[in-house]
Amino acid sequence: MSLPEFRLLRPRTLEEALDSLVSHAGTAAPGHPGDAVPAAGIRIIAGGTDLLPSMKQKLFEPQYVLDVRRIQSLRGINPVSGGDAEIGALTTLREIERSAFLRQHYPVLTEAAAAVASPVLRNMGTIGGNICLDTRCLWYNQSLTWRKGCGFCIKKDGDLCHVAPGGTKCWAAFSGDTPPALLCLNAEIEIASPNGTRRTPLADFYTGLGDSYRKLQRTGDPRLPAGVISRISRCLP
Ligand SMILES: Cc1cc2nc3c(=O)[nH]c(=O)nc-3n(C[C@H](O)[C@H](O)[C@H](O)COP(=O)(O)OP(=O)(O)OC[C@H]3O[C@@H](n4cnc5c(N)ncnc54)[C@H](O)[C@@H]3O)c2cc1C
Ligand code: SF4
1173 MSLPEFRLLR
1183 PRTLEEALDS
1193 LVSHAGTAAP
1203 GHPGDAVPAA
1213 GIRIIAGGTD
1223 LLPSMKQKLF
1233 EPQYVLDVRR
1243 IQSLRGINPV
1253 SGGDAEIGAL
1263 TTLREIERSA
1273 FLRQHYPVLT
1283 EAAAAVASPV
1293 LRNMGTIGGN
1303 ICLDTRCLWY
1313 NQSLTWRKGC
1323 GFCIKKDGDL
1333 CHVAPGGTKC
1343 WAAFSGDTPP
1353 ALLCLNAEIE
1363 IASPNGTRRT
1373 PLADFYTGLG
1383 DSYRKLQRTG
1393 DPRLPAGVIS
1403 RISRCLP
């Protein structure tokens, strides 16, 4: 399976990244009504361990891919006052797993990061990407030919669900390993968007739906440009 054609954008600052999101966002793709990053528009890439296999399966065919890895302000694990911590969204799962500070204060998070896939994937995969990980389903994470043969489904290109025939809802499941740990820690995420930066409890970021599972836009309107998760902070209980 080959990657679809796209243009790679490599901003050095968050401001440049947000400008690109505004310039290249379009209308929501069919099958992704609540997802701000349309197939015909722009999609953020961090480690690429989730996005690139999905693009090969033609689950996403963005015209532009926004590589945020050069943005230094999105990196790092920083202790803050009161024993709290801030983690840049580009911090790799391997860095989290190996952080002595996090292991001492938040062992549930280092253990969760260590549980992800393999060392190679943890070296590339970021915590921001893990939080945004697409929901999965046996009928969805398949090649275009396979999905076409089944008549597609609600989550992408179709209007029926093979898991719950007759239903109108997508039941694809979230499978990221670090969000359950972050939820136990009452974590908050910071989302930088063209309209400013906002902080939100991670618990409010997920919708519970299989298709439009996350809220990257301030208003939730999928026609507006998405935001970039910039950092994750653990709140005091
Ligand atoms: C073989 C295999 C096994 C895997 N096993 C596991 C596992 O055991 N546990 C697990 O949790 N995951 C697993 N994964 C999924 C994936 O490797 C991890 O979830 C990883 O953390 C994703 O991070 P990434 O930086 O590579 O994300 P990417 O692929 O770069 O992006 C993933 C999604 O997040 C969005 N995104 C990324 N960064 C940001 C940001 N800062 N702001 C806004 N949106 C953003 C992207 O647009 C995309 O929608 C596996 C993947 C593969 C291929
Ligand atoms: S739960 Fe149903 S609609 Fe959602 S991905 Fe699976 S088959 Fe498609």
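Heads up, our numbering is the position in the sequence shown plus 1172, with the first residue counted as 1.
Even glycine gets a Cβ: it sits at the ideal position worked out from N, Cα and C.
Let me know the secondary structure DSSP gives residue 1349 once reduced to three states.
Within the sequence shown, numbered from 1, the residue matching residue 1349 stands at position 177. Coil at residue 1349, not helix or strand.
Is the separation between the beta-carbon of residue 1294 and that of residue 1316 shorter than 7 Å?
Residue numbering aside, residue 1294 sits at position 122 when the sequence shown is read from its first letter. Residue numbering aside, residue 1316 sits at position 144 when the sequence shown is read from its first letter. Against a cut-off of 7 Å, the Cβ pair of residue 1316 and residue 1294 comes out as no contact.
Cα separation between residue 1297 and residue 1218?
Here residue 1297 refers to the residue found at position 125 when the sequence shown is read from its first residue. Here residue 1218 refers to the residue found at position 46 when the sequence shown is read from its first residue. Approximately 7 Å between the Cα atoms of the pair.
Under a three-way DSSP split, which group does residue 1376 fall into?
Mapped onto the sequence shown, residue 1376 falls at position 204. Residue 1376: helix per DSSP, three-state reduction.
Distance cut 6 Å, beta-carbon to ligand 2 heavy atom: residue list by chain order
1309, 1311, 1312, 1325, 1326, 1327, 1333, 1334, 1335, 1342, 1343, 1344 and 1382
Measuring CB to CB, does residue 1262 end up less than 7 Å from residue 1402?
Within the sequence shown, numbered from 1, the residue matching residue 1262 stands at position 90. Within the sequence shown, numbered from 1, the residue matching residue 1402 stands at position 230. The answer is no: Cβ separation not under 7 Å.
For residue 1275, I'd like the list of residues in its chain whose CB is within less than 7 Å of its CB, leaving aside the five on either flank, ordered along the chain.
Reading the sequence shown from its first residue, position 103 is the one you call residue 1275. So the list reads 1282, once near-sequence residues are dropped.
Does the distance from the C-beta atom of residue 1271 to that of residue 1299 stay below 7 Å?
On the sequence shown, position 99 is the one that residue 1271 refers to. On the sequence shown, position 127 is the one that residue 1299 refers to. No; because the gap between Cβ atoms is not below 7 Å, this pair is not in contact.
Would you mind sorting residue 1360 into buried or exposed? The rule is 16 or more other CB atoms within 10 Å of its CB.
Within the sequence shown, the letter at position 188 stands for residue 1360. Label assigned to residue 1360: buried.
So residue 1365 is in the beta strand (DSSP E); what residue range does that whole segment cover?
The residue given as residue 1365 occupies position 193 in the sequence shown. Counting along the chain, the beta strand (DSSP E) containing residue 1365 begins and ends at 1360 to 1365.
Roughly how far, in whole angstroms, is the beta-carbon of residue 1398 from the beta-carbon of residue 1280, given that I think they are within contact range, below 8 Å?
Position 226 of the sequence shown, counting from 1, holds the residue named residue 1398. Position 108 of the sequence shown, counting from 1, holds the residue named residue 1280. No, residue 1398 and residue 1280 are not in contact; Cβ-Cβ is about 29 Å, not under 8 Å.
Taking the C-alpha atoms as reference points, what is the distance between residue 1268 and residue 1338?
The count along the sequence shown starts at 1 and reaches residue 1268 at position 96. The count along the sequence shown starts at 1 and reaches residue 1338 at position 166. Rounded to whole angstroms, residue 1268 to residue 1338 spans 43 Å at the Cα level.
Anticipated Cβ contact below 8 Å, residue 1336 with residue 1355, distance rounded
Taking the sequence shown and counting its residues from 1, one reaches residue 1336 at position 164. Taking the sequence shown and counting its residues from 1, one reaches residue 1355 at position 183. That belief does not hold up - the Cβ atoms of residue 1336 and residue 1355 are roughly 26 Å apart, past 8 Å.
Which two residues bound the contiguous beta strand (DSSP E) that contains residue 1172?
Residue 1172 lies beyond the stretch modelled for the chain, which goes from 1173 to 1409, so this question has no answer here.
Cα separation between residue 1331 and residue 1340?
Position 159 of the sequence shown, counting from 1, holds the residue named residue 1331. Position 168 of the sequence shown, counting from 1, holds the residue named residue 1340. Each residue's Cα considered, the two are about 8 Å apart.
Within 10 Å of its beta-carbon, does residue 1238 have 16 or more other beta-carbons around it, so buried, or fewer, so exposed?
For the purposes of this step, residue 1238 is taken as the residue at position 66 of the sequence shown. Residue 1238 is buried by the Cβ-count criterion.
Less than 7 Å between the beta carbons of residue 1254 and residue 1234, yes or no?
In the sequence shown, counting from the first residue as 1, residue 1254 sits at position 82. In the sequence shown, counting from the first residue as 1, residue 1234 sits at position 62. Not in contact: residue 1254 and residue 1234 (Cβ atoms no closer than 7 Å).
Please indicate yes or no: does the CB of residue 1349 lie closer than 6 Å to some heavy atom of ligand 1?
Your numbering for residue 1349 matches position 177 in the sequence shown. For ligand 1, at least one heavy atom lies less than 6 Å from the Cβ of residue 1349.
Specify, as a first and last residue, the run of the alpha helix (DSSP H) that residue 1475 falls within.
Here the chain covers residues 1173 to 1409 and nothing more, so residue 1475 does not appear.
Other residues of its chain near residue 1286: CB distance less than 6 Å, five sequence neighbours each side excluded:
Taking the first residue of the sequence shown as 1, we reach residue 1286 at position 114. For residue 1286, where only same-chain residues beyond five positions count, the Cβ hits under 6 Å are 1269.
Answer with buried or exposed for residue 1373, where buried requires no fewer than 16 other C-beta atoms within 10 angstroms of its C-beta.
Numbered from its first residue, the sequence shown carries residue 1373 at position 201. By the neighbour-count rule (16 or more Cβ atoms within 10 Å), residue 1373 is not buried but exposed.
Please report the distance separating the alpha-carbon of residue 1406 from that of residue 1312.
Along the sequence shown, one-based indexing puts residue 1406 at 234. Along the sequence shown, one-based indexing puts residue 1312 at 140. Distance between the alpha carbons of residue 1406 and residue 1312 is about 33 Å.
Looking only at its chain, what residues have a beta carbon closer than 7 Å to the beta carbon of residue 1324, apart from the 5 residues adjacent to it on each side?
Numbered from 1 along the sequence shown, position 152 holds the residue referred to as residue 1324. Around residue 1324: 1330.
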